[in-house]
Each structure stands twice: as structure tokens, then as C-alpha cells.
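Protein chains: 2
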Amino acid sequence: MAKSTHAAASAPAAHAAAARPATSAPASTGAPAAQRGVTMADVAKAAGVSRTAVSFVLSNRENASISEETRTRILETVQVLGYRPNAGARALASQRSDWYGIVTEIVTAPFAVDIIKGAQDQAWLHRRFLLIAPSDQADATGPNQGMEDAAVEKLLEQRVEGLLYAATYHRAVHVPKSANEVPTVLINCFDADGKLPSIVPDERAGGRVAVERLLQAGHSRIGVINLDPDIPAAVGRLEGCREALAAAGLELDPELVVSGHATADGGYEAACEILDKYQAGAGRPTALFCLNDRMAMGAYDAIKERGLAIPQDIAVIGFDNQELIAAYLRPKLTTVALPFEEMGALGVQTLASLTAGQPITAHQQMVDCPLLERYSV
Amino acid sequence: MAKSTHAAASAPAAHAAAARPATSAPASTGAPAAQRGVTMADVAKAAGVSRTAVSFVLSNRENASISEETRTRILETVQVLGYRPNAGARALASQRSDWYGIVTEIVTAPFAVDIIKGAQDQAWLHRRFLLIAPSDQADATGPNQGMEDAAVEKLLEQRVEGLLYAATYHRAVHVPKSANEVPTVLINCFDADGKLPSIVPDERAGGRVAVERLLQAGHSRIGVINLDPDIPAAVGRLEGCREALAAAGLELDPELVVSGHATADGGYEAACEILDKYQAGAGRPTALFCLNDRMAMGAYDAIKERGLAIPQDIAVIGFDNQELIAAYLRPKLTTVALPFEEMGALGVQTLASLTAGQPITAHQQMVDCPLLERYSV
DNA sequence: TTCTTTTGGTAACGCGCGTTACTTCGAACG
DNA sequence: CGTTCGAAGTAACGCGCGTTACCAAAAGAA
């Protein structure tokens, strides 16, 4: 709780009470410094025109008839006075807020940030603001439904034009009811009731591309370090794995599939089990497909412990592209990336279509998981 | 760019054109479903009172005289109609927006998310909304000043009551001029002009606590894998290191300080240099203080390559607490954490004081960097 | 009984802006 | 010379709400 905050030795002056007084300095020098609270009426008065004229000029109205002369005069006045439009007032008058809301679990999120970034960038391009509301809260006792409802409620109070609902791992979710009042798109998750449009990673294609890469490198006996077999990610990735093998006329040996806890330790143990089951050349796999990068990290240790080299003796391929792991393991990990940024961006695009009343391409959109080649295959 | 979006096989129904029509259903059944666009006036009419009365009740006015009877009647009507206050209109009328803005580099940020989370949580507790604006943008050519100005400008258009400016690594920054129009607090950086209040990690105390831990474990000859010696983080941490040694009557041997690139590879090379400079027992350090976790990751490899055990032969301590590295290395890395969340939270608290006109405790507040004990010492 | 105070409200203004309907004026037209 | 018409601009309303000033009736006080 960061109690020990003390004055810094390095900062010479101690502007302690730096709070700005809220008093308005009515008419300062004619400096171009933006004065607080300059309104459209002020601009109008200073330019000697009506407020309406200013509004017309600033909103670039097509069929407004304003002479080029007054037009430039108004724009100059805007500059001089440092006028800045009031987004809230504009929203009130025009009945459109230019805001989207996103509710997501920030706390437990190594990935949420990527979704947010993708969405944020795209929203910025669409000249929209993205309001972020946490669906989990520090002082709440776990991620409770109450928080989510409150988050959606707060967002709706801000009159967001659309809602994004993002999960940090691919799964089915229940979205608060009030989300129905506004166009809503799910990201990295799907509606358990099947009503809302969603955007998810194409796990199956990802699994396929991973195993295809191993096959292409000449491996035919491939071990799989599996996640909890019930979650959508595991189902899809394993299915893709089977497809790739089948296309090469191979089958997945159930003996070579080991499920473990989705951690480095879990990966370590699973890798040990697979590696110790066979002798080299006598059925021992020459490649490991780890269904996430954390497990790949553990597998690395198991492999190195046995004096084996990556990728010469055993090739490893991961999933997720957890940057801080994959890019810093030695050798760097070849892995399949989860397209969080793209999903975030696509979410905003979909929302934009929806709010514009346009049809969307599909109820559930799947985004490719690209292979990231590094040095472990 | 996520081109291949195709209909999902798993989603049965194809609610393709799910766009909601914007037509208002004037008087639906008396269902309790929240009708879009219920206003305070609607509530007033339905409850048979004036709009003022509703406003008084909803804002819990102290000295308003509303009988308990009408009060409950109003509240019931609010429930029934599903009235939801319009935050924008409220902001306009009350001249306070309840919004803070934060501008930060999301792109290049393994850490920015933590700052945001801390700030977000705290803002939520203060019943404030946090608007996030990116200071770097996907299509921009690098982090340019133009983007930052635009970000601040956009935030001010939203009439944020205060501004947070966050960097992802501790450094001096230049803040856009217009930030002066509103209370502003810097997080994980400081104003090059020395005007704005800031919140930074106490690097020196962090360096001290790290080395104290090593000393306590019986190490007296400690190697240091340094960052670029010029950045504030390196200066502070090294200073703390010297202090701890001095307190134990020791001095820092310049021979044992090696600077490297702030990556795993840089750490690997630096560690190799230190380890190969001496024989075991003949001056070779028994512990390494790595000034960040990525370098510690490389150091691990150098140590293991030489057949040495962590922490039995060589103890390692890191800095930053980059979760995905520190918590998954084997053995798990003891490190000093950068208090991003705390800094974010403290930033909002400071902003709250500032906007309330209260004095703040110090121009620059330093937040402790706690030691995280794991298994590498 | 008359005057004052309290209780329980309401009318009306303004926040900053988008938007529609209207006015004025000079030029072209018949 | 009267009429029409476009150009240039303005008055005024309303978005949803906070807030101040005011009012009517009931309850005490003198």
C-alpha cells in the first residue's frame, strides 16, 4: 500500500501546496494561452458573429452559407482565444457520444492489455473514445457478477454507443442483461446464450499451423503437452493438431498426449513424463507441441536437464506468444500467437458497423493465429 | 490484419444482420425492462411530482424537504421505468465531469498496464472514470510529440478534471503545454522543467534492500550486472547498492560491475564476463545483483552452463519483478518489485487532493520497491 | 386572532452546443 | 420598377440535468 512516501532529495524546490486556485482570471493579457472555459459564445462575440455561425464553421457544415472571409475570421478567433469544444455538451445536443465502452478483467490479465490496445487504437482511428471499466475490482471478493453489472451500468450512464466485453482466456461467458440496451460485441469469448456477436481466435487453425510447421521440419513423432482438455482452447488446438497429422497420413498417438497444469511446473512434469517414457530413437518424440508458452518454458528445462539440445534433439513449439517468455527463452521459442490486438481492433470495427446500422459479416468471427518463427524448431 | 474471418461452425444460428433498429418503441408493455432514453422528466411525470423533486431525491440533497412518502414513490418510479442518469448532462449542468485522463504509451508497455490498473482501481473507488489516451499510435511514425499533444487535447475536450502522465520506464519527460490547464501528476517519470508533481519509484531504497538481502544471506563478494549507467534507474539502484555495502563496511569493487544491454542476451554476456574473470573461491562473486529481470534471465543460463547451481553456488537477485519472467524461471527469481500499481493508485489520490484544492505532501513522492523473496537467494 | 416559521414542494434559469426556421439584403430577372 | 432568388447570417428551441429563488399550506408563537 505504498505508505512510505517521503519528499525526494533530488527535487530542489518544494512546491508543496501546488493546488491551482479555481478562481477565474477574467481578462488576462492577450496572450495566446488557452483560457479556461472559453465558450462558443465567447468566440462569436469576439469575432462579431452569431454563435450559430461559429457552430456552422466548426462543424464544417456542407450547405451552410458562410463567406470565406468570416469563416477565416472565426477560425482565427478560435485560435487566439484557445477555444476548445466541450465534448460533453456536444454529446448532449447531438445525441451521440462518440464513446464506446469496454469491460474487461484488468487484474488477472497478461493479455487484456493487448485487447485494449487494439481496441483503443482502432477507436482512436474512428474518432471514438474508449471507456474502460473493470469487471473485477481490487477490494471485491473475487470476480463477482455484481461488479460486472455495475461496470456495464456505469458505462451506460456515460451513454456509450456500444459495448465491448472482453475475456482474458477463450471461454463462454454470461453478459449482464443491461448490455442488451446497446450494440455489444464479445471479444475472446462467446455468449453462453448464443445471442451476442463475438470474436474469437481460430484455435483449430492455430493448432494446425503449429503441427504443420513441425511436420515440415521433418518430425513425424510429436508429443503434445495439453491443457485442461475441457477448455475451448485445448479442444480447438488439439483438433487442429489432428487435422494436420491426418493430412500427412499420420495419427495422434494417445500415449504422446499428456495433460498438465497450465504452468511452467506443469509443463516440466509433463515433458519429463513424455521424455522418460521412451528411449531415444525408440519411439521418443523428436518434437513437442506445448499448448501454451508457460508449459513450453517448463519443457525447456526438462529437455536441457536431460542433456538434449533444442532444436537439434527435440524441437519445441508453443502457443500464445507470451512475449516475455517466448522472446527471452534461450533459444527463443517458436510459437503460435493469439491475435489479441487484432481481435480488439476487429471488435471496434464490428461495433462501428453495428452502431451505423450496417450488417456484420458473421455472428461469430474467427481471427487467425499466426505462426511466429523463432529458433526452437 | 485478421483477414480470414469466416462464419463459425460452432455457432448454430446465423444472426447476421443483428443491427438494432434505432426506432423508438414509444409505449411498450409495462415491463420493467429499461426503456432507452428515460429522462428525469419522465420519472417526474410518472410519479406525479416536479422534476426538481426527482433531482433532489436522486442527489440525496441534505436540506431538501421531501416527505418520506414521495421520496419512496420517486425511487420506486425510478426502478420501474429503469431510469438511468445521463452522466454527460449532469457534467454539463454541475460543471464537474468526474473524469480523470491518463496519457501513456500502451504500445511499448509491459508495465503500463499495471499503472493503469492501479489508477483505474483507485479512480473507481473515488467514483471517477479514467479516460485513457495513447501517447503513441499504431500508424504514427514512432512516438512523436504530435500524438501526445493530440492526446492531451482530446482529453481536455472531454473536460477531464485532472491529468495523469505515465511513462513505462523511469525518466525525465516533457509534458505538452496544455496539460497546465488542469491539475497534472506524473507517474514513473518527472518533469524535465521541474514544475509538475511526480511519483517515482524509490530506486535507491530498492537497490539497498536487494543488496542487504544478499549480505544477510552471507554473501560479501557481489557482482553487479548494470544497465545503461546513465538512466535514473541505474543511478539509483547502484547508489543503493553502495549504501548497503557501506553499511556493512564493504566497498563496491568496480571490477565486479559490468554494464550490458538490457536484455537476456546482454545479461548472459555480462554474467559470462564476471564469472570467467575469476576462479571459484579466488575472487569469484558468490552472488549476482542483476539490475533487471531480463538480464537475470540471461545470467541464469550463464550460470547453469557452467554447471553451477542457483542459489547454492551463485545467488541471483533481480529487479523489476517482471512477473512472467521472475515467477517462471527455475528456480523462481528473488527480485525487487517496481510498484507500478501503487504508483498508479497514488497518482489518482494525489490528483484527487489537487482537484479538491488540498495541498499535496510533496512535490515528488517516492514509492517503496518491495523485495519479493523467491528461491534464487 | 394575527404573525412567524417550518414543511413540502415548484417554476425557471443556465450549462455549451446542434439544429431548424426565419430574416435581411443585394443581385438577377421579367 | 416590382418580383424572385440565392447568399449570408441570426433568433430561438431543446438536449438532460443542477440549482436558486420563490410559493402555498400547515404548525407554532404571541
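Heads up: the sequence lines are chains A and B, in that order.
Under this note's numbering, the first residue of the first sequence carries the number 1414, and numbering increases by one thereafter.
Under this note's numbering, the first residue of the second sequence carries the number 1414, and numbering increases by one thereafter.
We treat Cβ as the ideally placed atom computed from N, Cα and C, and that holds for glycine.
Could you say which of the options lies nearest to residue i if we only look at CA atoms?
i, options, result
"B/ALA1670", "B/CYS1654, B/THR1747, B/PHE1542, B/LEU1471", "Residue identity check: residue 1670 of chain B is Val in the sequence provided, not Ala. Among B/CYS1654, B/THR1747, B/PHE1542, B/LEU1471, the Cα nearest to that of B/VAL1670 belongs to B/CYS1654."
"A/PRO1596", "A/ILE1515, A/ILE1528, A/GLU1656, A/ASP1549", "A/ILE1515"
"A/ALA1506", "A/VAL1598, A/SER1548, A/GLY1694, A/ARG1572", "A/ARG1572"
"B/ILE1519", "B/THR1483, B/TYR1582, B/PRO1667", "B/TYR1582"
"A/GLU1754", "A/ASP1733, A/GLY1770, A/THR1748", "A/ASP1733"
"A/GLY1796", "A/ARG1650, A/PRO1752, A/ARG1707, A/LEU1576", "The structure shown has nothing for residue 1796 of chain A, since chain A only spans 1414 to 1790."
"B/ALA1580", "B/ASN1601, B/GLU1566, B/LEU1569", "B/ASN1601"
"A/ALA1775", "A/LYS1590, A/LEU1599, A/GLN1508", "A/LEU1599"
"B/VAL1780", "B/ARG1626, B/GLU1786, B/THR1465, B/ALA1750", "B/ALA1750"
"A/ALA1603", "A/THR1676, A/VAL1470, A/MET1756", "The sequence given here has Phe at residue 1603 of chain A, not Ala. Checked all of A/THR1676, A/VAL1470, A/MET1756; the closest Cα to A/PHE1603 is A/MET1756."
"A/GLY1770", "A/THR1465, A/ARG1707, A/GLU1574, A/GLU1481", "A/GLU1574"
"B/GLY1731", "B/ALA1647, B/THR1465, B/ALA1758, B/GLN1777", "B/ALA1647"
"A/ARG1650", "A/GLY1760, A/SER1789, A/LEU1576, A/GLY1620", "A/GLY1620"
"A/ALA1657", "A/THR1676, A/ALA1675, A/ARG1617, A/GLU1682", "A/ARG1617"
"A/GLN1629", "A/VAL1790, A/ALA1466, A/TRP1512, A/ALA1454", "A/VAL1790"
"A/GLU1570", "A/ARG1484, A/ILE1644, A/TRP1512, A/LEU1488", "A/TRP1512"
"A/LEU1682", "A/ILE1529, A/ASP1714, A/ALA1659", "Going by the sequence as given, residue 1682 of chain A is Glu instead of Leu. Residue A/ASP1714 is the option with its Cα nearest to A/GLU1682."
"A/ASP1626", "A/ALA1466, A/SER1478, A/ALA1525, A/LEU1701", "Before going on, a small fix: residue 1626 of chain A reads as Arg here, not Asp. Answer by Cα proximity: A/LEU1701."
Helix, strand or coil for residue i? Go by DSSP, reduced to three states.
i, result
"B/SER1507", "helix"
"A/GLY1805", "A question about residue 1805 of chain A goes unanswered here, because the residues of chain A that appear run from 1414 up to 1790."
"B/ILE1773", "coil"
"B/THR1485", "helix"
"B/GLN1735", "coil"
"B/ILE1753", "The sequence shown places Phe at residue 1753 of chain B, not Ile. It is helical."
"A/ALA1553", "Because the pLDDT at A/ALA1553 is just 41, under 50, the model does not fix this residue reliably, and the value given afterwards should be weighed accordingly. Coil at A/ALA1553, not helix or strand."
"B/VAL1451", "coil"
"B/CYS1703", "strand"
"A/ASN1601", "strand"
"B/VAL1573", "coil"
"B/VAL1516", "strand"
"A/SER1611", "strand"
"A/ASN1473", "coil"
"B/VAL1586", "strand"
"B/GLY1559", "helix"
"B/SER1591", "helix"
"B/GLN1492", "helix"
"A/PRO1744", "coil"
"B/SER1468", "helix"
"B/TYR1691", "coil"
What does a CB cutoff of less than 6 angstroms around residue i pick up in its chain, not counting 5 residues either side in sequence?
i, result
"B/ALA1605", "ALA1585, HIS1587"
"A/ARG1486", "ALA1460"
"B/TYR1496", "VAL1451, VAL1456"
"B/ASP1562", "PRO1589"
"A/ILE1545", "ILE1515"
"A/GLN1778", "ILE1612"
"A/LEU1785", "ASN1734, THR1748, ALA1750"
Output needed for residue i: all residues of its chain with C-beta closer than 7 angstroms, excluding positions within five of it in sequence on either side, in chain order.
i, result
"B/ILE1773", "PRO1610, THR1763, SER1766, LEU1767"
"B/THR1699", "HIS1632, ARG1634, ILE1727, ALA1728"
"B/SER1548", "VAL1516, THR1517, GLU1518, PRO1556, MET1560, GLU1561, ALA1564"
"A/ASN1705", "LEU1640, ALA1675, GLY1731, PHE1732, ASP1733"
Considering only residues of the same chain and omitting the five flanking positions on each side of residue i, which have a CB-CB separation below 8 angstroms?
i, result
"A/SER1463", "ALA1457"
"A/ASP1678", "GLY1711"
"B/LEU1568", "GLY1514, VAL1516, LEU1544, ALA1546, LEU1576"
**Message:** If the cut-off is 8 angstroms on Cβ atoms, which residues from the stretch 1500-1517 of chain B count as contacting chain A, listed in chain order?
**Reply:** ALA1500, GLY1501, ALA1502, ALA1504, LEU1505, SER1510
**Prompt:** Would you call the stretch 1758-1778 of chain B and the stretch 1530-1549 of chain B in contact, with 3 or more CB pairs under 8 angstroms?
**Reply:** yes
**Chain-ordered residues of the stretch 1714-1744 of chain B with a beta carbon less than 9 angstroms from chain A** = ASP1714, LYS1717, GLN1735, GLU1736, LEU1737, ILE1738, ALA1740, TYR1741, LEU1742, ARG1743
**Request:** Kindly confirm or deny that the stretch 1491-1509 of chain B and the stretch 1493-1513 of chain A touch, where touching means at least three C-beta pairs closer than 8 angstroms.
**Result:** yes
**Request:** Check whether the stretch 1732-1745 of chain A touches the stretch 1720-1738 of chain B, taking contact to mean three or more Cβ pairs, one atom from each stretch, closer than 8 angstroms.
**Result:** yes
**Item:** Contact between the stretch 1713-1722 of chain B and the stretch 1683-1690 of chain B (3+ Cβ pairs under 8 angstroms)
**Value:** yes
**Request:** For the stretch 1627-1641 of chain A and the stretch 1664-1680 of chain A, state whether three or more C-beta atom pairs, one from each stretch, are separated by less than 8 angstroms.
**Result:** yes
**Request:** Using a Cβ-Cβ cut-off of less than 7 angstroms, give me the residues of the stretch 1740-1770 of chain A that come near chain B, in sequence order.
**Result:** TYR1741, ARG1743, PRO1752, GLU1755, LEU1759, LEU1767, GLY1770
**Asked** Just by C-beta distance, which residues in the stretch 1523-1540 of chain A are closer than 8 angstroms to chain B?
**Response** PRO1523, ALA1525, VAL1526, ILE1529, LYS1530, GLN1533, ASP1534, TRP1537, LEU1538
**Asked** Looking at C-beta atoms only, is the number of pairs between the stretch 1649-1664 of chain B and the stretch 1691-1700 of chain B that lie closer than 8 angstroms three or more?
**Response** no
**Chain-ordered residues of the stretch 1470-1502 of chain B with a beta carbon less than 7 angstroms from chain A** = ARG1497, PRO1498, ASN1499, ALA1500, GLY1501, ALA1502
**Message:** Tell me which residues of the stretch 1670-1697 of chain A have at least one Cβ-Cβ distance to chain B shorter than 7 angstroms, keeping chain order.
**Reply:** ALA1677
**Request:** For the stretch 1568-1597 of chain B, enumerate the residues whose C-beta is nearer than 7 angstroms to any C-beta of chain A, in chain order.
**Result:** LEU1569, GLU1570, GLN1571, ARG1572, SER1591, GLU1594, PRO1596
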